[in-house]
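Q: Residue numbers (our numbering), protein chains in the order written: chain A, 54 to 793; chain B, 1149 to 1308; chain C, 3 to 123.
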Amino acid sequence: MEEYRDLFLAEAGEHLQNMTDRMLELEKDPTATEHLTEMFRAAHSLKGMSGTMGYELIMELTHEMESLLDKLRSGEIAVETGLINLLFEAVDLVQLMIGNLDNRESFFTEVKALEKKLREWPAQDEGDERKLPREEGRPISKESSAAEDNPQEQGTGADMVKDKLINSELNEFEKEMLKDAVFRGEKAYLINVRLRDGSLLKSVRSYMVHKALEKQGEIIKTQPSLQAMEEEKFDRDFSFLLLGKPDLEITALKKKIESIAEIEKVTVSSFIIDDQQEATTTAPAKETQDSAGGSLKKQEKAAIQASENTVNTETEEKTKKSFNGEDNGDLAQVRKKARISTLNRSAEKTVRVETAKLDALVNLVGELIINRTRVLELGKELKNEQLEGSLEQLERITTELQSAVMTLRMVPIKQVFDRFPRMVRDLSQDKDKEVELIISGEETELDRTIVNQVGDPLVHLLRNAVDHGIEDEEERRRKGKDPVGKIRLEAHHEGSHVVVSVEDDGMGIDPERVKEKALQKKIITREEAEIMGADEAVRLVFRSGFSTAAKVTDVSGRGVGMDVVKTAIEALNGTVEVKSEQGKGSKFVLRLPLTLAIIRTLMVKAGKEVYAIPIEAIRENLFVEPQEIRTIQQGKVITLREEVLPLNCLKEGLGMGFFEEQDVYPVVVVQAGDRKVGFMVDELMGQQEVVIKSLSTFINDIKGIAGATVLGDGRVTLILDVAGLLEDGRVNVGKENLNH
Amino acid sequence: MTNKIETVSEVQMVAFKLEKEEFAVNIHQVREVLKMSRVTPLPQSANYIEGVINLRGEVIPVVDLRKRFELPVGERGEQTRIIIVEIQNSNVGLIVDSVTEVLRFSSSAIQPPPARVAGTRTDLIKGVGKVADRLLIILNLEKILTTEEVISLEEVTIDS
Amino acid sequence: MLGKRILITDDTAFMRMTLRNVLAKNGYEIVGEAEDGLQAVEKYMEIKPDLVTMDITMPNMDGITAIKKIIEKDPGAKIVVVSAMGQKALVIEALNSGAKDFIVKPFQPDRIVEALQKVVG
Chain A
54 MEEYRDLFLA EAGEHLQNMT DRMLELEKDP TATEHLTEMF RAAHSLKGMS
104 GTMGYELIME LTHEMESLLD KLRSGEIAVE TGLINLLFEA VDLVQLMIGN
154 LDNRESFFTE VKALEKKLRE WPAQDEGDER KLPREEGRPI SKESSAAEDN
204 PQEQGTGADM VKDKLINSEL NEFEKEMLKD AVFRGEKAYL INVRLRDGSL
254 LKSVRSYMVH KALEKQGEII KTQPSLQAME EEKFDRDFSF LLLGKPDLEI
304 TALKKKIESI AEIEKVTVSS FIIDDQQEAT TTAPAKETQD SAGGSLKKQE
354 KAAIQASENT VNTETEEKTK KSFNGEDNGD LAQVRKKARI STLNRSAEKT
404 VRVETAKLDA LVNLVGELII NRTRVLELGK ELKNEQLEGS LEQLERITTE
454 LQSAVMTLRM VPIKQVFDRF PRMVRDLSQD KDKEVELIIS GEETELDRTI
504 VNQVGDPLVH LLRNAVDHGI EDEEERRRKG KDPVGKIRLE AHHEGSHVVV
554 SVEDDGMGID PERVKEKALQ KKIITREEAE IMGADEAVRL VFRSGFSTAA
604 KVTDVSGRGV GMDVVKTAIE ALNGTVEVKS EQGKGSKFVL RLPLTLAIIR
654 TLMVKAGKEV YAIPIEAIRE NLFVEPQEIR TIQQGKVITL REEVLPLNCL
704 KEGLGMGFFE EQDVYPVVVV QAGDRKVGFM VDELMGQQEV VIKSLSTFIN
754 DIKGIAGATV LGDGRVTLIL DVAGLLEDGR VNVGKENLNH
Chain B
1149 MTNKIETVSE VQMVAFKLEK EEFAVNIHQV REVLKMSRVT PLPQSANYIE
1199 GVINLRGEVI PVVDLRKRFE LPVGERGEQT RIIIVEIQNS NVGLIVDSVT
1249 EVLRFSSSAI QPPPARVAGT RTDLIKGVGK VADRLLIILN LEKILTTEEV
1299 ISLEEVTIDS
Chain C
3 MLGKRILITD DTAFMRMTLR NVLAKNGYEI VGEAEDGLQA VEKYMEIKPD
53 LVTMDITMPN MDGITAIKKI IEKDPGAKIV VVSAMGQKAL VIEALNSGAK
103 DFIVKPFQPD RIVEALQKVV G
C-alpha cells in the first residue's frame, strides 16, 4: 500500500494546494470563473483518489465540495465570502484528515457537520434536489471491446467482468461516482490484466499498469484491492475500473498495457452500472441515504445534531468577521497561515519511512558500533588525553544513536495480540468449551522483526491451551473449577527482554505420561526416565519428535509441535520455558530480546578461532587453576560457592579441537534455563557488540551456533547459541544440575 | 533456467581445475571469482564444508571441492580460487585449484555422462563437454551441497 | 528487431557476460558495457544506444541515479532495470525515475528477450 499511499499523499497535497490558490484568486476576483473549473477538477480528483484508497470520509467530503463547486460553476449560486470560508473549512478538514490518515475516522463528526453545511448552502436552498439526468436504465452490457479482432477474447472479457467486479459489488459511493462520471460525459472502462505464469515482483507489475491507467483517467476501483495488489495477494489476474474520456482509444490503451513485460493478456471494455433502480430514478441521493436508515445512519444524524451547535457558532463568528468588512487580502493571508500551520502540525507528528530504509539504517548503525569499538581500542593505545575525551563523547553519542535507531523499529506487541481474542473465541466454540482470554501488557514494545515472528508460536501455544489445557465444562465443574476456563496472555519488559507468557488454568501436564510417551518415541531411555524429575519431564514436550501431528490428543494432551515453538523462539535469540502443575494449569514463558539486530557479546579465543558468546547467557568469568578441577563420573567439575559446576573445554564442546593443559584456564560460566556450565577457553578477549548475520540456508542447522558476525576487519566470527550448545550431547551439563 | 539454456545453440561455461581434471560450471550460476582468503571453520558440519566467509557483509558457506570429490588434500597456492556460485538463490563459494577460462560450448558438444558413471552418480554430473580434444566435467551445482553422497573421482574420470 | 543497439550496465563481469550472451544470440547488438552508473551515463551520451539495461546496486553511482541522469539528458531514453528479487521499492523508484520496464534476476533468457522486445521491438 505504501507506494500508493505516498502517491496519494503527494498528489492530494498538490490538489489541495491548487484548490487553495484558486480560491484565494477567486476571492480577490469573484468574476474569474475559470478558477471554478480548476477547483471543481481538483475536488473531483480528490474524490476519486480517496475513493480508490478507501478513505471514505475524505471521499464523501470532497464529493460535497464537488457538488457545491458544480453549482457555482453553473451559476446556480454566486461566489461570496461566506461560501469561500465554507470551502476553506472543507479544504482544511481534508488536509487534516490527509495529515492523519490513520486517525481519519476520528474526524467523523466534523465531516458530517461540514457535509451538511456544504449540501445545504445557501441556507434557503435547502430543498434543492440535484436533478441529474440519468441515462436510460438498462442492465449492464458491454458496449465495445478492444478485442474486436478476437471475438473469443471478448467473451472471456465479459466473463471476467462478471466474476471480478460485479460480484465484488460497487458500494454506494462508487456507484455515485460512476453516475456522476456518466453525467459529466465520462465513461467507465473495465481493464482486466493477466500476468504470465511465474512472474516475479507481481506487485510492481500491477503498479506499472496502475501508473499507465492513471494517465488516462481516474481509477475508482480495483480488484483485488490496492492493498492486496501491493501484498501480491493475487494469482495472475487483476482488474481496474477506470473513468475516462468517452473517446478513449481502447485499442491504444490495450497496446500500451500489453507493452509492459510479463503481461500475458489484457482486455479493455466499457462498463455500465448494473443498477436499474438507481439508474432510472431521478430521486436525490439524499432520499436513498435516509431510507437506508441503518443504525449507523442514525448515529450519524445524532452526531451531526450534537456537533451542529458548536460548529455553527464558530462559522458564524468567522462569517461575521468577514462581513464586517475585513479586507479580502488580509483574509487571504490568514487563510494561508492557517493552512500552513495545519500542514506543519500534521508533518510534525509522523513521517512515513520505508521499512527497508529503516533496516538499512539499523545495519549501518550496527556497523558503526562495531567500528567504534575498534576506534576506542586504538585510541586508548595512543594515550592522548584530548583524543580520549572526544572518544568518550563519541561513545556516548553513538550509544544514544543506537538506542534511538532501535526504538524506531519498536512496535507494540498489540499488533499480534489483537487477533487472538477472535481466534480463541472461535477455537473454544469449535471445542465446545467456555474460555475467557485475558490479555494484558499489549502496549509492550519490541522490535518489529520479533513482533512479526512471535505470532505463530503464540498461536500454537494458545491453540494448545484451548485444545488440551482447558478441560470441558463438565469436567471443570466436577473438579470444582470455574466452568469458564481462563487463558492469560501477558507481556512485560524485564531488563533488555520482553517476557510473554501464556497461562491456562486447565489440567496441566502429567509428567508421567510425558515420560511414557518420550519412552515410546525413544527420546529417552528407561534409565533416564527413572531418574528424571517432574520439571525436566515436562520440558520433554519441547524435544523434537516428541509429538507427531497425527497423535496429539491421545497422550498427555500437551505438546503439539512444541519443538516448533521452541525452534522459532530460539531463532529469535529467545528462550521458552514451561511450568505446569497437574490439575491446576500450565504456563509457557517466552523471553524475547527487545531487538534483534545487535547483541552484546564476549569474545573468546578457543584454539585458532574467536567466538562471540552472547552476554545474556553469561553469568560470570573465572580463572580456574588445574588443581581446582576434579573429575567425577560425568567429567570435569569445580566447586563454586558450594555448588558443583560442570566444566567443558569449548573447543571440545564445539568439536573443533581437544582439551590442552594450561597453567590457568579462563572459564566462562553460562546459563540456559536452569542449566549452568563453565566453558574453558584459551583467552577472554573482551566485550563487543556485534550485528548478527544468519548463516546461509545451506548450513543453518548447526546446534550451538546462533549465527555469525562480520568483525571490523572483515573476518567472520561465529556467535554461539548457549542453549543449543548445552543440549548437544558432547557437552557435559552435569546430571545434578538437571534435576536441581 | 538451466533447461532453457540448453535449448540455445551455445553455452558459456567457467572452466576450472581440480587435481588433473577439468570441470565446468554454467556461467549463469557464477557470481564472481575470488582469491583464496581466510575461511572461518564451522563446527559440526560436513568435512567438505571449509567454513564461512564474508562476501560484502553476507556470510556465505565455502565448499572444498577437492574434499567433496575425495581428492587428496592439495596445497593452496597463488592459483587457488573461490568461485562464488548461486545455488537456489543463495551464494556458495567453491574452492578450486585454479580457474582457467570461460569456454563456449555448442549444445551438441555437451553429452550426457558416460554410462558407467550414469548408473550411480548421474545427478551430480550434468554431462561432459568437449572442446577440441579436451573433456570437461559439467557439474550439477544443485546437488553439490544437497546430496549427502560421497563423490569419488574414480567414478567421474573419463577416458579422453 | 534487427541490430537494436544495447548498452549493458552491471558491476559484475559475469552478469554482463550473461546478458551479452543472451542478447547477442537474439539478434541484438551490444554496443557497450558499463560497470557502474557513472560509466553508464558517460557511455550513453557517447554511443546513444537504443536501449540500456541497468543494474540497481552498483558502486560509484547506483542505477537509479544513473537513470535519472540519463533521462535528464535524453527524456526518450529507453532503460530496462535489472533487479534482484526483493528490491521492490527500488524497482518502483527506478520506474518512477523514468525506467521503461524491469527484469528480475536470476533471469530466464526468453523472458529477457521478451521484455526488451516490448520496449524496443
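Positions of the beta carbon are idealized from the N, C-alpha and C atoms, including for glycine.
Taking the alpha-carbon of Phe160 (chain A) as reference, which of A:Leu171, A:Val464, A:Ala131 and A:Val147 has the nearest alpha-carbon?
A: Phe160 (chain A) has its Cα closest to that of A:Val147, out of A:Leu171, A:Val464, A:Ala131 and A:Val147.
Q: Go to Met1161 (chain B), then tell me how far its beta strand (DSSP E) extends in each direction, as first and last residue.
A: It spans Glu1158 to Leu1166 - the beta strand (DSSP E) in which Met1161 (chain B) sits, taken as one unbroken run.
Q: Quick check on His545 (chain A): buried or exposed, where buried means 16 or more other Cβ atoms within 10 Å of its Cβ?
A: By the neighbour-count rule (16 or more Cβ atoms within 10 Å), His545 (chain A) is not buried but exposed.
Q: Inspect the CB distances between the stretch 661 to 678 of chain A and the stretch 584 to 598 of chain A and report whether three or more fall short of 8 Å.
A: They do not touch, by the three-pair rule.
Q: How close, in whole Å, do the beta carbons of Val464 (chain A) and Leu414 (chain A) come, if the pair is a contact with beta carbons under 8 Å?
A: Actually they do not touch by this definition, with Cβ atoms about 16 Å apart.
Q: Do Pro564 (chain A) and Ala582 (chain A) come within 7 Å of each other at the CB atom, strictly closer than that value?
A: In this structure, Pro564 (chain A) does not lie closer than 7 Å to Ala582 (chain A) by Cβ.
Q: Report the neighbours of Val25 (chain C) on chain A: residues whose CB is nearer than 9 Å to its CB, in chain order.
A: It is worth fixing the name first, because residue 25 (chain C) is Leu in this sequence and not Val. The contacting residues do not exist; Leu25 (chain C) stays about 15 Å from chain A at best.
Q: Quick one: grab the DSSP three-state call for Asn28 (chain C).
A: The answer is coil: DSSP assigns Asn28 (chain C) none of H, G, I, E or B.
Q: Tell me which residue opens and which closes the alpha helix (DSSP H) that Gly708 (chain A) is part of.
A: Counting along the chain, Gly708 (chain A) falls outside any alpha helix (DSSP H), and DSSP gives it neither H nor E.
Q: Using CA coordinates, which residue listed in A:Glu158, A:Val164, A:Ile772 and A:Glu133 is at the minimum distance from Pro175 (chain A)?
A: Cα-wise, what sits closest to Pro175 (chain A) is A:Glu133.
Q: Could you spell out where the alpha helix (DSSP H) holding Gln148 (chain A) opens and where it closes?
A: That run of the alpha helix (DSSP H) goes Thr134 to Gly152.
Q: Classify Asn1239 (chain B) as buried or exposed, calling it buried when 16 or more other Cβ atoms lie within 10 Å of its own Cβ.
A: Asn1239 (chain B) is buried by the Cβ-count criterion.
Q: Following the continuous alpha helix (DSSP H) through Arg783 (chain A), name the residue where it begins and the one where it ends.
A: Careful: Arg783 (chain A) lies outside any alpha helix (DSSP H) and carries neither H nor E.
Q: Phe61 (chain A): which of A:Glu315, A:Glu267, A:Phe676 and A:Glu487 sits nearest, CA to CA?
A: Nearest of A:Glu315, A:Glu267, A:Phe676 and A:Glu487 to Phe61 (chain A), Cα basis: A:Glu267.
Q: I'd like to know whether the C-beta of Ser1157 (chain B) is nearer than 7 Å to at least one C-beta of chain A.
A: Cβ-Cβ to chain A under 7 Å: no for Ser1157 (chain B).
Q: Which value, in whole angstroms, describes the spacing of the CA atoms of Val504 (chain A) and Lys232 (chain A)?
A: Straight-line Cα distance between these residues: approximately 45 Å.
Q: Where Val84 (chain C) and Thr67 (chain C) are concerned, what is the direct C-alpha to C-alpha distance, given to the nearest angstrom?
A: Looking at the two C-alpha atoms, the distance is approximately 14 Å.
Q: Can you grab the Cα-Cα spacing for the pair Lys120 (chain C) / Thr620 (chain A), in whole Å?
A: Cα to Cα, the separation comes out at about 47 Å.
Q: On the DSSP bridge list, what partners appear for Gln741 (chain A)?
A: In the DSSP output, where bridge partners are listed per residue, Gln741 (chain A) has A:Thr654.
Q: By how many angstroms is the C-alpha of Ala96 (chain A) removed from the C-alpha of Glu495 (chain A)?
A: Spanning the two alpha carbons is a distance of roughly 41 Å.
Q: Out of B:Val1181, B:Pro1209, B:Arg1282 and B:Gln1160, state which residue places its alpha-carbon closest to the alpha-carbon of Leu1293 (chain B).
A: Considering only alpha carbons, the answer is B:Pro1209.
Q: Tell me whether Gln635 (chain A) sits in a helix, a strand or coil according to DSSP, three-state version.
A: Three-state DSSP puts Gln635 (chain A) in coil, outside helix and strand.
Q: Val1200 (chain B) CB to nearest chain A CB: under 7 Å?
A: Yes - at least one Cβ of chain A is within 7 Å of the one on Val1200 (chain B).
Q: Taking Cβ positions only, does Ser322 (chain A) come closer than 7 Å to chain C?
A: Output row for Ser322 (chain A): interface = no.
Q: What residues of chain C sit near Ala409 (chain A), judged by a beta carbon separation below 7 Å?
A: Neighbours of Ala409 (chain A) on chain C, chain order: Ala91.
Q: Answer with buried or exposed for Pro277 (chain A), where buried requires no fewer than 16 other C-beta atoms within 10 angstroms of its C-beta.
A: When all chains shown are included, Pro277 (chain A) counts as buried.
Q: With H, G and I counted as helix, E and B as strand and the rest as coil, what does DSSP make of Glu438 (chain A)?
A: Note: Glu438 (chain A) maps to helix in three-state DSSP.
Q: Cβ of Arg672 (chain A) within 7 Å of Cβ of Gln724 (chain A)?
A: Yes. Within cutoff.
Q: Distance check for Asp52 (chain C) and Gln207 (chain A), CA to CA, integer angstroms please.
A: The predicted model places Gln207 (chain A) with a pLDDT of 38, which falls under 50 and marks its position as unreliable; any figure quoted below should be read in that light. For Gln207 (chain A) and Asp52 (chain C), the distance between alpha carbons rounds to 35 Å.
Q: Which residues of chain C have a Cβ atom closer than 7 Å to the Cβ of Met261 (chain A), listed in chain order?
A: Leu97, listed in chain order.
Q: Are the beta-carbon atoms of Asp500 (chain A) and Arg462 (chain A) separated by less than 7 Å?
A: Cβ distance < 7 Å, so Asp500 (chain A) and Arg462 (chain A) count as in contact.
Q: Taking Thr1224 (chain B) as part of the alpha helix (DSSP H), name the residues at either end of that continuous run.
A: The residue asked about is misnamed: residue 1224 (chain B) is Arg in this sequence, not Thr. Neither: Arg1224 (chain B) is in no alpha helix (DSSP H) and is coded neither H nor E.
Q: Return the CA-CA distance between Ala1280 (chain B) and Val1207 (chain B), expressed in angstroms with no decimal places.
A: Computed Cα separation, rounded: 39 Å.
Q: Within its chain, find whatever has a CB closer than 7 Å to the CB of Val144 (chain A); leave out the 5 residues flanking it on each side and keep chain order.
A: So the qualifying residues of the chain are Leu69, Met72 and Thr73.
Q: Using a Cβ cut-off of 7 Å (strictly closer), state whether Leu1293 (chain B) contacts chain A.
A: Answer yes: the Cβ-Cβ gap between Leu1293 (chain B) and chain A drops below 7 Å somewhere.
Q: Per DSSP, what kind of secondary structure is Leu1287 (chain B) in: helix, strand or coil?
A: Reduced to three states, the DSSP call for Leu1287 (chain B) is strand.
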